[in-house]
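In the UniProt record's numbering, the protein residues as written are 1 to 60.
We put the CB at the ideal spot given by N, CA and C, even for glycine.
Bear in mind that the values here come from a model prediction, so they are computed numbers and not experimental data.
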Amino acid sequence: ARALAALDAQAYVDLSVAMQTMMDGYVCILDNLEKNWEKLENPRGKNYGGYGSGGSSMVY
């Protein structure tokens with residue numbers, strides 16, 4: 001019974017560490033998204049008109 005309890009406790013600790021690592025990763029991703037949100041929405045800037053002077057932002 002002690003061996004099973006020790007194994008259960010170790011599994012709990014391992015899962016807890018894995019969950020903390022996963023949360024740290026998600027927080028880093030969220031932080032990067034928040035810092036770069038404007039660049040993600042407008043990758044070439046708000047006033048980018050595309051190729052030529054046609055004003056189209058489509059890339060062919």
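- Per DSSP, Ala1 is not a residue of any alpha helix (DSSP H), being assigned neither H nor E.
- Taking Val27 as the centre and dropping the five residues before and after it, the same chain places no C-beta closer than 8 Å to its C-beta.
- Shown here, Gly25 sits in a helix according to DSSP, grouped into three states.
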